[in-house]
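Beneath this line is the structure, given in structure tokens, with notes to follow.
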Amino acid sequence: MDQELLADLYRNMLRIRRFEEEAARLYTERKIGGFLHLYIGQEAVAVGAMSVLEAQDYVVTAYRCHWHYLARGGNCRAGFSELLGKETGCSKGRGGSMHFYNVEHNFMGGWGIVGAHVPLAAGLAFAQKYQNKGGVTLCFLGDGAINIGPFHEGLSLASLWELPLVIVIENNYFAMGTPVNKSFPIEDLSVRALGYAIARDTVDGHDVFAVRSAIYQAAKRAR
40 MDQELLADLY
50 RNMLRIRRFE
60 EEAARLYTER
70 KIGGFLHLYI
80 GQEAVAVGAM
90 SVLEAQDYVV
100 TAYRCHWHYL
110 ARGGNCRAGF
120 SELLGKETGC
130 SKGRGGSMHF
140 YNVEHNFMGG
150 WGIVGAHVPL
160 AAGLAFAQKY
170 QNKGGVTLCF
180 LGDGAINIGP
190 FHEGLSLASL
200 WELPLVIVIE
210 NNYFAMGTPV
220 NKSFPIEDLS
230 VRALGYAIAR
240 DTVDGHDVFA
250 VRSAIYQAAK
260 RAR
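Number 262 marks the last residue of the sequence shown (the working numbering); no jumps.
Right, here's the structure in full:
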């Protein structure tokens, strides 16, 4: 693999880790208000996935959104300004931790309502199909979100209309403290896609190369 690419992947993962560590410090000092959902240990998912996207592609995610914003090219200073409620923040200081946004890089925001952003992602993918420019929409969500109604509604539309939508389930095995074996009758959450005739794959989220390869193939199919 190209050495420059390797360095770039490492640099981006380290950048996210350091950002989150500093955010945690500021939060414990009560300088950040509201909620703070960190991404420490999951950096390979965001970085691996974003590394294969094109400039025209859209990204939508849930409330745990700092790292997707950063991996998509977001500015660290604007990110911290947002956490601190400053006008210079990426959402003008009004969104806070759960609502980062950067239209310049087609990062269409973090959304605080669990699972509610999946139909929004389907809408973006519909627009891309209508425009016929070959773009895809990448939608990130946690394991808990796939038990929410809008997740299934979004997948149903995406399959029926053959939309260029790629869903990334970041399964960290807990949803608000509830383990997956207490909320799902299945072990491999990706099998939910089969009910909608959607291709699926499961990879190790700690392996940036595995994530990169899987998202590349998924985006290629979706385009």
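A virtual CB, placed ideally from N, CA and C, is assigned to each residue, including glycine.
The structure displayed is predicted, hence computed values, not measured ones.
### Through-space distance from Val247 to Glu43, alpha-carbon basis
Indexing the sequence shown from 1 puts residue 43 at position 4. Indexing the sequence shown from 1 puts residue 247 at position 208. Taking the straight line joining both Cα atoms gives about 15 Å.
### Query
Residue range of the beta strand (DSSP E) that Glu209 falls in?
Start at 1 with the first residue of the sequence shown, and residue 209 comes out as number 170. Per DSSP, Glu209 is one residue of the beta strand (DSSP E) stretching across Leu204 to Glu209.
### Query
What residues in its chain sit with their C-beta under 8 Å from that of Leu123, if we drop five residues either side in the sequence?
One-based indexing of the sequence shown puts residue 123 at position 84. Same-chain partners within the cutoff: Leu65, Lys70, Ile71 and Gly132.
### Message
Measuring straight from C-alpha to C-alpha, what distance separates Ser130 and Ala261?
### Response
In the sequence shown, the residue the question calls residue 130 occupies position 91. In the sequence shown, the residue the question calls residue 261 occupies position 222. Cα to Cα, Ser130 sits roughly 30 Å from Ala261.
### Query
Exposed or buried, what is Asn220 when buried is set at 16 or more other beta-carbons lying within 10 Å of its beta-carbon?
For this step, residue 220 is matched to residue 181 along the sequence shown. With fewer than 16 other Cβ atoms within 10 Å, it is exposed.
### Cutoff 8 Å; reference Phe55; Cβ partners in own chain excluding five residues on either side
Reading the sequence shown from its first residue, position 16 is the one you call residue 55. Just to set this straight, residue 55 is Ile in the shown sequence, not Phe. Answer for Ile55: Tyr78, Glu82, Ala85, Val86, His105, Trp106, Leu109 and Ala110, listed in chain order.
### Query
Does the distance from the CB of Tyr255 to the CB of Val142 come in under 8 Å?
The sequence position of residue 255 within the sequence shown is 216, counting from 1. The sequence position of residue 142 within the sequence shown is 103, counting from 1. Between Tyr255 and Val142, the CB-CB gap reaches or exceeds 8 Å.
### Message
By the three-class DSSP mapping on this structure, what secondary structure does Leu177 have?
### Response
Counting from one through the sequence shown, the residue named residue 177 turns up at place 138. Annotated three-state conformation of Leu177 is strand, per DSSP.
### Task
Would you mind listing the beta strand (DSSP E) stretches within the stretch 90 to 116 that are 3+ residues and don't spill past its ends, in chain order?
The stretch 90 to 116 contains these whole beta strand (DSSP E) runs: 97 to 100.
### Query
Taking Cβ positions, are Val250 and Ala88 nearer each other than 8 Å?
Translated into positions along the sequence shown, residue 250 becomes position 211. Translated into positions along the sequence shown, residue 88 becomes position 49. Yes. Within cutoff.
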